[in-house]
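Using our numbering, read the sequence shown as starting at 279 and increasing by one per residue.
Structure first, commentary second.
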Amino acid sequence: ENHLIFLFLGSLAENQISNKGAKALARSLLVNRSLMALDLRSNSIGPTGAKALADALKKNQVLLSLK
C-alpha cells in the first residue's frame with residue numbers, strides 16, 4: 279500500500295511582520311491543517327503578537343517547528 283506524505287514549510291522571515299500580522303497568523307494557526315514548519319525570524323513581532331501566537335500554538339496540533 280502506498281502512502282503519500284506531504285510536508286509543508288513556510289518562511290516569513292524578514293517580512294516586517296508586526297503585532298497585527300502576528301495576530302492574523304495566530305488566527306490562521308487555529309485552523310491550520312497542513313503547515314508543519316514556520317519561520318518568523320527577524321520580524322517586528324512584539325509581546326502582544328507573541329502572546330497571540332503562543333495561545334494559538336496551544337491549540338494547533340500540526341505545526342512542529344517554529345523559528
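The beta carbon of each residue, even a glycine, is placed where N, CA and C say it ideally should be.
For clarity, every value in this text was computed on a predicted model and none was experimentally measured.
- Message: Taking the beta carbon of G327 as the centre, do at least 16 other beta carbons fall within 10 Å, making it buried, or is it exposed?
- Response: Stepping through the sequence shown from its first residue, residue 327 is reached at position 49. Residue environment analysis places G327 among the buried positions, since at least 16 neighbouring C-beta atoms fall within 10 angstroms of its C-beta.
- When K298, S296 and R305 are compared against L335, the one with the closest alpha-carbon: Looking up residue 335 in the sequence shown gives position 57. Ranking K298, S296 and R305 by CA distance to the CA of L335 puts R305 first.
- Query: Does the separation of the CB atoms of L287 and A315 fall below 7 Å?
  - Reply: On the sequence shown, position 9 is the one that residue 287 refers to. On the sequence shown, position 37 is the one that residue 315 refers to. Note that the C-beta distance between L287 and A315 is below 7 Å.
- Task: Assign I283 to one of three DSSP states: helix, strand, or coil.
- Result: The residue you call residue 283 lines up with position 5 of the sequence shown. Because I283 carries a pLDDT of 49, less than 50, the predicted location of this residue cannot be relied on, and the following value inherits that uncertainty. Per DSSP, reduced to three states, the secondary structure at I283 is coil, with no helix or strand assignment.
- Message: Tell me the rounded alpha-carbon separation between V340 and N321.
- Response: If you number the sequence shown from 1, residue 340 lands on position 62. If you number the sequence shown from 1, residue 321 lands on position 43. For V340 and N321, the distance between alpha carbons rounds to 23 Å.
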